[in-house]
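S.K.:
2 protein chains.
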Amino acid sequence: MTAETLVPVFAALGDETRWSILVALGEGDASASALAGRLPVTRQAIAKHLAVLQGAGLVEPVRVGREVQYRVLGSQLSETARRLDTIGAEWGRRLAAIKELAEGL
Amino acid sequence: MTAETLVPVFAALGDETRWSILVALGEGDASASALAGRLPVTRQAIAKHLAVLQGAGLVEPVRVGREVQYRVLGSQLSETARRLDTIGAEWGRRLAAIKELAEGL
DNA sequence: GTTATCTGCAACTAGATGATTGCAGACCAA
DNA sequence: TTGGTCTGCAATCATCTAGTTGCAGATAAC
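First to last, the protein sequences are chains A and B.
Per the numbering used here, residue 3 is the first one in the first sequence, and the count goes up by one each step.
Per the numbering used here, residue 3 is the first one in the second sequence, and the count goes up by one each step.
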């Protein structure tokens, strides 16, 4: 995962409806039509959200007969979390260094 | 940090310009005007982005004389990373369970 | 073969948002 | 006190996007 792919992941995660979809998929794979039955948006809206999530590598389509079910990919989340933690730790170290300097005065 | 504050953090991180700002701030605190000298956007655009980042708890304003410098808060990133990893691990476990079932057939 | 359902594409609308310019107030310096 | 700079507010603009409706094609079921 490169830095260019990181921003789309966050953009995908920065929407309440998409989180609802991810949470619903977390309980089991489902098609856009099935999700539309559980969420207060139309199937087409969900289809667009699924396309965004798929583009970010967060879900994966699986053909089951005539329908297309989607599966959530936890590995992408874990990978993103790891990179986020690294960056946060760096910035945290800088802050700690600043505080140490301030206390040393 | 609750689930409601999680989505705004991702929304804040889902923008290239805001990442540029965060990276610039990672090298040292700076004011909106100072950042405008380094980035290809106007000061006002940066000010709006800083407001978004502050709303997400990712930066913190520090008054220095007549100017307002901003400091990046790595702790928020680390906290977000931890929660993301937890969620990703859960979904990963579900996937692993599914795979195990499939192999057992 | 007909029917029902599920998918995908296209057009459209309304609201959010990234970015701009312009102006007015605050504050430090010369 | 006057000039320069930094901040903040408001209006405006263009684009993006979340959502909708409508329709056409594919495919499983009966």
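Each residue gets a CB set at the ideal place from its N, CA and C atoms; glycine is no exception.
Keep in mind that this is a model prediction, so the values were computed, not measured.
Given that Glu92/B touches chain A, what residues does it touch there, using C-beta distances under 9 Å?
M.R.: Along the second sequence, one-based indexing puts residue 92/B at 90. In chain order: Gly28 and Gly76.
S.K.: Any residues in the stretch 41 to 59 of chain A with a beta carbon nearer than 8 Å to a beta carbon of chain B? Which ones, in chain order?
M.R.: none
S.K.: For the ligand GTP, I want to know if Glu81/A counts as a neighbour, meaning its beta carbon is within less than 7 Å of at least one of the ligand's heavy atoms.
M.R.: Absent from the structure shown: the ligand GTP. Ligands present: none.
S.K.: Please confirm if Ser80/A has its CB atom under 8 Å from at least one CB of chain B.
M.R.: Working through the first sequence from its first residue, we reach residue 80/A at position 78. Chain B contact via Cβ: present.
S.K.: Given that a residue counts as buried once 16 or more other Cβ atoms are within 10 Å of its Cβ, and exposed if not, what is Ser35/B?
M.R.: Working through the second sequence from its first residue, we reach residue 35/B at position 33. Taking a 10 Å sphere around the C-beta of Ser35/B, we find fewer than 16 other C-beta atoms and assign the residue as exposed.
S.K.: If you measure between the beta carbons of Val70/A and Ser33/A, is that distance less than 8 Å?
M.R.: Sequence index remark: in the first sequence, residue 70/A carries index 68 (1-based). Sequence index remark: in the first sequence, residue 33/A carries index 31 (1-based). Taking 8 Å as the Cβ cut-off, Val70/A and Ser33/A qualify as a contacting pair.
S.K.: From the beta carbon of Gly16/A, is the nearest beta carbon of chain B less than 8 Å away?
M.R.: By 1-based counting over the first sequence, the position of residue 16/A is 14. Gly16/A counts as touching chain B.
S.K.: To the nearest angstrom, how far is it from the Cα of Val66/B to the Cα of Arg85/A?
M.R.: In the second sequence, the residue the question calls residue 66/B occupies position 64. In the first sequence, the residue the question calls residue 85/A occupies position 83. One C-alpha to the other measures close to 32 Å.
S.K.: How about Tyr72/B and Leu27/B: do their beta carbons lie closer than 8 Å?
M.R.: Counting from 1 along the second sequence, the entry for residue 72/B is found at position 70. Counting from 1 along the second sequence, the entry for residue 27/B is found at position 25. Result yes, Cβ atoms of Tyr72/B and Leu27/B sit closer than 8 Å.
S.K.: Shortest alpha-carbon distance to Asp17/A belongs to which of Trp21/B, His51/B, Leu8/B and Leu75/B?
M.R.: As a first step, residue 17/A is located in the first sequence; it is residue number 15 there, counting from the start. Nearest C-alpha to Asp17/A: Leu8/B.
S.K.: Please go through the same chain and pick out, in chain order, the residues whose beta-carbon is closer than 8 Å to the beta-carbon of Arg20/A, but skip the five residues on each side of it.
M.R.: For the purposes of this step, residue 20/A is identified with residue 18 of the first sequence, where counting begins at 1. Hits under 8 Å: Ala14, His51, Val54 and Leu55.
S.K.: Looking only at its chain, what residues have a beta carbon closer than 6 Å to the beta carbon of Gly59/B, apart from the 5 residues adjacent to it on each side?
M.R.: As a first step, residue 59/B is located in the second sequence; it is residue number 57 there, counting from the start. Excluding sequence neighbours, Gly59/B sits near Gln78.
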